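Below is one structure; the comments refer to it alone.
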Amino acid sequence: MDPAERGDLFDLVQESIVVCDAAGRITAWNAGSTELYGWDAGQALGRPLADLLGAGGDDPALLADGRWEGELARRAADGRELIVEVRRIVRRGADGEPAEIIETARGITERRAAERALRESEYRYRNLFQAMAASFWELDFRPVGQMLREIRKAGVSDYAAHFAAHPEFVREMMRVTRVLAVNEQSVKLFGVDDATALLTTIDRFWPEASTGVYADSVVAAVSGRPSFSRETRLRTLDGREFDAHFTACFPPETVADGKLLIGIIDIGERVRAQRQLQDLQAQFAHAARVSMLGELTASIAHEVNQPLAAIATNASAGMRWLSRPEPDLDELRGINTRVVADAQRAAAIIARVRDMAVRRAPEPRPLSINAVVEEALLFLHHESQGKGVSIELALDPDLPSVMADRTQLQQVVVNLIANAIQAMAADDGPREIRLRTGLDAEGKVSVKIEDTGPGVRPDDLPRLFDSFFTTKADGMGMGLPICRSIIETHGGAIRAENNADGRGACFAFNLPAAEV
Ligand code: ADP
1208 MDPAERGDLF
1218 DLVQESIVVC
1228 DAAGRITAWN
1238 AGSTELYGWD
1248 AGQALGRPLA
1258 DLLGAGGDDP
1268 ALLADGRWEG
1278 ELARRAADGR
1288 ELIVEVRRIV
1298 RRGADGEPAE
1308 IIETARGITE
1318 RRAAERALRE
1328 SEYRYRNLFQ
1338 AMAASFWELD
1348 FRPVGQMLRE
1358 IRKAGVSDYA
1368 AHFAAHPEFV
1378 REMMRVTRVL
1388 AVNEQSVKLF
1398 GVDDATALLT
1408 TIDRFWPEAS
1418 TGVYADSVVA
1428 AVSGRPSFSR
1438 ETRLRTLDGR
1448 EFDAHFTACF
1458 PPETVADGKL
1468 LIGIIDIGER
1478 VRAQRQLQDL
1488 QAQFAHAARV
1498 SMLGELTASI
1508 AHEVNQPLAA
1518 IATNASAGMR
1528 WLSRPEPDLD
1538 ELRGINTRVV
1548 ADAQRAAAII
1558 ARVRDMAVRR
1568 APEPRPLSIN
1578 AVVEEALLFL
1588 HHESQGKGVS
1598 IELALDPDLP
1608 SVMADRTQLQ
1618 QVVVNLIANA
1628 IQAMAADDGP
1638 REIRLRTGLD
1648 AEGKVSVKIE
1658 DTGPGVRPDD
1668 LPRLFDSFFT
1678 TKADGMGMGL
1688 PICRSIIETH
1698 GGAIRAENNA
1708 DGRGACFAFN
1718 LPAAEV
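Numbering (the working numbering), first residue to last: 1208 to 1723.
Written out as structure tokens, the structure is:
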């Protein structure tokens, strides 16, 4: 074929085509070669290929076999290194000697770089997977996907409701979810000899009580959230349960592949330490309540005595009326009703005192803060009256509930008001307490107790909530620290300041509104 004709033909091909003579000089250079290497035909023709591209000289294998394929590193006109995939053939002349070498080449630099990046990322991921102190599992959840598609076809659209109504369906999802791989830490955490022991279905690791957590993670995955994380209890193969922090990631790439990565951290130690701390706090709070009740004994006795005295009076009046020749039954019924009401009042006071006195685990419930304040005031009614203290209430009627233990919260309010009464009783000024409830700027439910006592010395303000800080001769200095511990375990904050008008102190705390 005429070289010019052949050149036109070569230009139709996108790949690089280069022809060299027996001495390795370039005799044909198509548009694809210009595109790939950056040299144009004028620069390339007549030059030895090995000089121009920095590599790819005679290959002994090529000359022996007459053909060669492989990857070569070459240099482009702008100095860049190129990785090219090359195919070459030798055309021989009539004498059987090599006459020319024809090669086609394709640049694969980018493909190689992408492959290398992928390999490196895979390597990093594998390293992390193995070396992390958390237990990692790779799960195959394609069968779960299949089950979800089936119920969807059958008309289920709210997965969360379906899972809640059919826990057996959730268990079945676990039974079909297989563990594909686990890391070294999993072998340690689950106490098995070797990783293959864990390559089973995940229902074996999930106690019945933790089924809901698995259901929630599936809901999170299908609703497109990137991850899910929750504390739960898991089980080793020999049946030992432990507290775990469970995290599942749903990157779209692996999800499309039907794979899921989960991480498990043993938080047993942390949970045990937390429980001990809570228990200790509850013990302190209880001890402080009992001592507070001790201080209020006179008031409480008075509170109980009042209805008892009324009962005694009414009962003896009733007896007298009964001894009349014709007792008035309506009057007697009335007197009896009052006796019953007074007996109930006394019983209610004793029940309140007992609630404060017994030690039991805190029970957080949605509560109305106003009701807690009003109940707490019942403890202090006699105390405040006896010391000539007036209490003005401004309770916001539209407050959301707070999630709290009733007795502990009452304890806080009783403590703060008792402190205010004591501060004012030791002073000659006016004796007024203003108690307000409301919503603060953070959207939390707040309680503010202002008094008109002497206030707190500015130097003492930062130490008020320290354990054993007291300015009273017979003080213990545990009231305020316990108030703070109670408020903080409920997710709130407490602070003290002196009133801006220079008269008295203000104690305020807030609590997050209960989630509805
Ligand atoms: P205690 O009552 O045993 O001293 P607390 O922890 O309840 O322990 O209070 C610590 C200190 O805080 C008190 O000794 C007092 O100096 C100060 N304090 C508390 N409430 C008030 C108040 N309303 N006005 C002034 N000082 C107060």
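Glycine is no exception: its CB is placed at the ideal position from the N, C-alpha and C atoms. In this text the structure is predicted, and so the values were computed from the model without any measurement.
DSSP state of residue i mapped onto helix, strand, coil
i: T1316; result: helix
i: A1606; result: Per the sequence presented here, residue 1606 reads as Leu, with Ala not at that position. Reduced to three states, the DSSP call for L1606 is coil.
i: K1360; result: helix
i: A1492; result: helix
i: F1716; result: strand
i: G1645; result: strand
i: V1511; result: helix
i: E1614; result: Glu is not the amino acid found at residue 1614; the sequence shown has Thr there. Helix at T1614.
i: I1497; result: It should be noted that the sequence gives Val, not Ile, for residue 1497. Helix at V1497.
i: F1343; result: strand
i: P1350; result: helix
i: A1306; result: strand
i: S1328; result: helix
i: R1504; result: The sequence shown places Thr at residue 1504, rather than the Arg named in the question. Helix, per DSSP.
i: T1544; result: helix
i: E1639; result: strand
i: V1663; result: coil
i: V1386; result: strand
i: S1417; result: helix
i: S1523; result: helix
i: T1677; result: coil
i: V1220; result: coil
i: V1297; result: strand
Residues of its chain near residue i, where Cβ-Cβ distance is below 6 Å and the 5 sequence neighbours each way are ignored
i: R1294; result: E1276 and T1311
i: S1342; result: Q1392, S1393, L1396 and I1471
i: D1302; result: none
i: A1416; result: none
i: R1670; result: F1676
i: G1698; result: P1719
i: C1456; result: S1434 and L1468
i: V1621; result: A1583 and F1586
i: P1255; result: G1231 and R1232
i: P1514; result: D1549, R1552 and A1553
i: T1443; result: F1397 and G1398
Terminal residues of the alpha helix (DSSP H) in which residue i lies
i: R1531; result: First-last for R1531: undefined, no H or E at that position.
i: N1390; result: Looking at the DSSP string, N1390 is not in any alpha helix (DSSP H), and its letter there is neither H nor E.
Element boundaries [beta strand (DSSP E), containing residue i]
i: I1409; result: No beta strand (DSSP E) contains I1409, which DSSP labels as neither H nor E.
i: A1601; result: S1597 to A1601
i: V1174; result: In the structure as shown, the chain begins at 1208 and stops at 1723. Residue 1174 is therefore absent and cannot be evaluated.
i: S1653; result: V1652 to D1658
Contacting residues, own chain, Cβ-Cβ under 7 Å from residue i (five flanking each side not counted)
i: F1348; result: T1384, G1465 and L1467
i: A1238; result: D1218
i: A1427; result: F1435
i: A1700; result: I1694, F1716 and N1717
i: A1522; result: V1546
Below-8 Å beta-carbon distance, residue i vs any chain D residue
i: A1516; result: You won't find chain D in this structure, because it holds only one protein chain.
Cβ-based neighbour list, residue i, same chain, cut-off 8 Å, excluding 5 preceding and 5 following
i: E1502; result: A1625
i: P1305; result: A1229, L1270, V1297, R1298 and R1299
i: V1363; result: H1369
i: L1539; result: G1525, W1528 and L1529
i: R1282; result: L1260, G1261, A1262, E1288 and L1289
* Those runs of the beta strand (DSSP E) which lie wholly inside the segment 1552 to 1591 and span at least 3 residues -> With a minimum length of 3 residues, the continuous beta strand (DSSP E) runs that stay inside the segment 1552 to 1591 are 1572 to 1574.
* beta strand (DSSP E) segments (min. 3 residues) lying fully within the segment 1226 to 1294 -> Whole beta strand (DSSP E) segments, 3+ residues: 1233 to 1236 and 1274 to 1282.
* Please specify which runs of the beta strand (DSSP E), each continuous and at least 3 residues long, are wholly inside the segment 1421 to 1482, giving them in chain order. => 1434 to 1442, 1448 to 1456 and 1466 to 1473
* Ignoring anything shorter than 3 residues or poking outside the segment 1684 to 1714, list the beta strand (DSSP E) runs there in chain order. => The segment 1684 to 1714 contains these whole beta strand (DSSP E) runs: 1700 to 1705.
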